[in-house]
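**Student:** Can you read through this structure? Questions will come right after.
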Amino acid sequence: MQLTTTIFNSKTVFDNNYQIHIIDVEDYSQALLEYINEHFVSICEGDSGSDIDTVKQRARDFFERKSLSTKMGAIAEFFVHLYLKDQGYKQECTYFNLEENSIKKGFDGYYSKDDIEWIMESKSGSIDSNNSKHWNKVKTAYDDLKDKFNGNVTNNPWKNAYNHASQIDVGTEQNIRKNIKMLSDNFTRKNYPLISDFNIIPASTIFLNGQWENQDLDELSDKIVELISEFKYKDIIIICITKKSVEQFLNFINS
Numbered sequence: 342m343q344l345t346t347t348i349f350n351s352k353t354v355f356d357n358n359y360q361i362h363i364i365d366v367e368d369y370s371q372a373l374l375e376y377i378n379e380h381f382v383s384i385c386e387g388d389s390g391s392d393i394d395t396v397k398q399r400a401r402d403f404f405e406r407k408s409l410s411t412k413m414g415a416i417a418e419f420f421v422h423l424y425l426k427d428q429g430y431k432q433e434c435t436y437f438n439l440e441e442n443s444i445k446k447g448f449d450g451y452y453s454k455d456d457i458e459w460i461m462e463s464k465s466g467s468i469d470s471n472n473s474k475h476w477n478k479v480k481t482a483y484d485d486l487k488d489k490f491n492g493n494v495t496n497n498p499w500k501n502a503y504n505h506a507s508q509i510d511v512g513t514e515q516n517i518r519k520n521i522k523m524l525s526d527n528f529t530r531k532n533y534p535l536i537s538d539f540n541i542i543p544a545s546t547i548f549l550n551g552q553w554e555n556q557d558l559d560e561l562s563d564k565i566v567e568l569i570s571e572f573k574y575k576d577i578i579i580i581c582i583t584k585k586s587v588e589q590f591l592n593f594i595n596s
C-alpha cells in the first residue's frame, strides 16, 4: 500500500486495471481548509465568477432542514469531487444541481483526465448504521451504476450529465459533450450501453460520531479487492473516505 504526499495523505493500491484510494479525514488541517476555499466555488458552480461567501450561502440554504442522511450524502459527494480534483481529474459537472435545492437525478459525478472519461457514484452512511462498512457502500454504489447503465431507473442519467456538461461555466470539451449526448439519445431509444465498456468510480464515505477510530487498512483493501473481482468495468477507481463527523463540513460552510 502506497502513501501519497498530497494534502489528503491517502493510502493507495494500484493494479493493472484497478485503483483503491483510502482517505482519512480526522480533522480539517490548515492546508485542507485552504484547498477547500480555493476550489469551493469551482466545485459547486464551475467558473461562475461568484464569490465564495455567496456560494457558501447557497450551500447553507441547501443543507437547511435537510435530513441527516441527505446531509451525509451531499458532504460525501463534495469530498469525492475535492479529492478527484487533487488527483488531476477535471469535473465535467457541478456539485450544485441545476434545479435549486434539489438532488441530482443522474450520475453523482462525471470527470475526464488525459482524454479518458470517468463516471462516479457516491454512497455514504453513519458508522452506527446497518451495512456501515466501506465494502458494503462500494457494492451499493456499483449496483446503482449498473442499474443506470441497464436502464433500470426512472430518469435518463445521461441526459442529466449532458445538461451539466453543456453549462458554459463547466467548460466541457465538445467531444465529451457529443459522446454524452449520443449516450443520452441511445438511452431514450432503450439502447443501453455495457458497464464493462466504461471507466467507473464507486465511492464510499463513512461518518464517525465525532470520535476518531482507526480503520484496519489491510482488511479494507483485501475486502475491496475480493469485491471488485466480481465487478464488470473497463477501468475502476475505488474511493473510501472516513470522516470524523458531519459537523466539520457544516462548520466550514457556516464560517
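Here the numbering used here runs 341 ahead of the position in the sequence shown, where the first position is 1.
Beta carbons: idealized from backbone N, C-alpha and C, even for Gly.
Are H543 and Y451 touching if we call contact CB-CB under 7 Å?
**Tutor:** For the sequence presented, residue 543 should be read as Pro rather than His. It is not a contact, given that the beta carbons lie outside the stated cut-off.
**Student:** Tell me where the beta strand (DSSP E) around W459 begins and ends.
**Tutor:** Its beta strand (DSSP E) spans residues 457 to 467.
**Student:** Relative to the C-alpha of I355, which candidate in L591, R406, I468, I579 has its C-alpha closest?
**Tutor:** Correcting the residue identity first, residue 355 is Phe in this sequence and not Ile. Considering only alpha carbons, the answer is I579.
**Student:** Whose C-beta lies closer than 6 Å to the C-beta of S463 among residues of the same chain, with five residues either side of it excluded?
**Tutor:** Only A417, E418, V421, D449, A544 meet the Cβ criterion.
**Student:** Just how far apart, CA to CA, sit K584 and I547?
**Tutor:** Answer to the nearest angstrom: the Cα atoms are 6 Å apart.
**Student:** If you count every other CB in all the chains shown that lies within 10 Å of the CB of I457, and 16 or more means buried, which is it?
**Tutor:** I457 is exposed by the Cβ-count criterion.
**Student:** Mark T513 as exposed unless 16 or more other C-beta atoms lie within 10 angstroms of its C-beta, in which case mark it buried.
**Tutor:** Burial call: buried.
**Student:** Does the structure place the segment 468 to 481 close enough to the segment 561 to 573 that three or more beta carbon pairs sit under 8 Å?
**Tutor:** Output reads yes: the segment 468 to 481 touches the segment 561 to 573.
**Student:** Compare the Cα-Cα distances from E433 to each of K454, Y359, Y574, M413 and report the closest residue.
**Tutor:** Looking at the Cα atoms, K454 is the closest of the given residues.
**Student:** With DSSP as the reference, please indicate the residues paired to H362 in a beta bridge.
**Tutor:** Its beta-bridge partners are T353, I580.
**Student:** At what residues does the alpha helix (DSSP H) containing P498 begin and finish?
**Tutor:** 498 to 506 is the extent of the alpha helix (DSSP H) around P498.
**Student:** Within 10 Å of its beta-carbon, does N501 have 16 or more other beta-carbons around it, so buried, or fewer, so exposed?
**Tutor:** The residue in question, N501, is buried, as its Cβ has 16 or more Cβ neighbours within 10 Å.
**Student:** Between which residues of its own chain and E588 is the CB-CB distance below 8 Å, once the five residues before and five after are set aside?
**Tutor:** G551.
**Student:** For the alpha helix (DSSP H) that contains N477, what are its first and last residues?
**Tutor:** Per DSSP, N477 belongs to the alpha helix (DSSP H) from 475 to 491.
**Student:** Please classify N350 as buried or exposed, where buried requires at least 16 neighbouring CB atoms within 10 angstroms.
**Tutor:** N350 should be labelled exposed.
**Student:** How would you label N497, buried or exposed, when you count the other beta carbons within 10 angstroms and need 16 or more for buried?
**Tutor:** By the 10 Å Cβ count, N497 comes out buried.
**Student:** Tell me, please, whether the segment 360 to 367 touches the segment 404 to 416 by the rule of three or more beta-carbon pairs shorter than 8 Å.
**Tutor:** Too few Cβ pairs lie closer than 8 Å, so no.
**Student:** Whose C-beta lies closer than 6 Å to the C-beta of K573 among residues of the same chain, with five residues either side of it excluded?
**Tutor:** If we look at K573 and ignore the five residues flanking it on each side, its Cβ neighbours are I536, S537.
**Student:** Measuring straight from C-alpha to C-alpha, what distance separates F490 and F528?
**Tutor:** Roughly 9 Å between the two C-alpha positions.
**Student:** Compute the beta-carbon to beta-carbon distance between Y376 and I393, rounded to the nearest angstrom, for a pair I have assumed lies under 8 Å.
**Tutor:** The pair is not a contact, with the Cβ atoms about 13 Å apart (cut-off 8 Å).
**Student:** Can you check whether the CB of T411 is closer than 7 Å to the CB of H505?
**Tutor:** No, the pair does not count as a contact, with Cβ atoms beyond the cut-off.
**Student:** Under the DSSP definition of a beta bridge, which residues are partnered with N540?
**Tutor:** DSSP lists W459, D576 as partners of N540.
**Student:** Can you tell me which residues form a DSSP beta bridge with G450?
**Tutor:** Beta-bridge pairing links G450 to M461.
**Student:** Helix, strand or coil, according to DSSP, for Q432 in the structure here?
**Tutor:** Strand.
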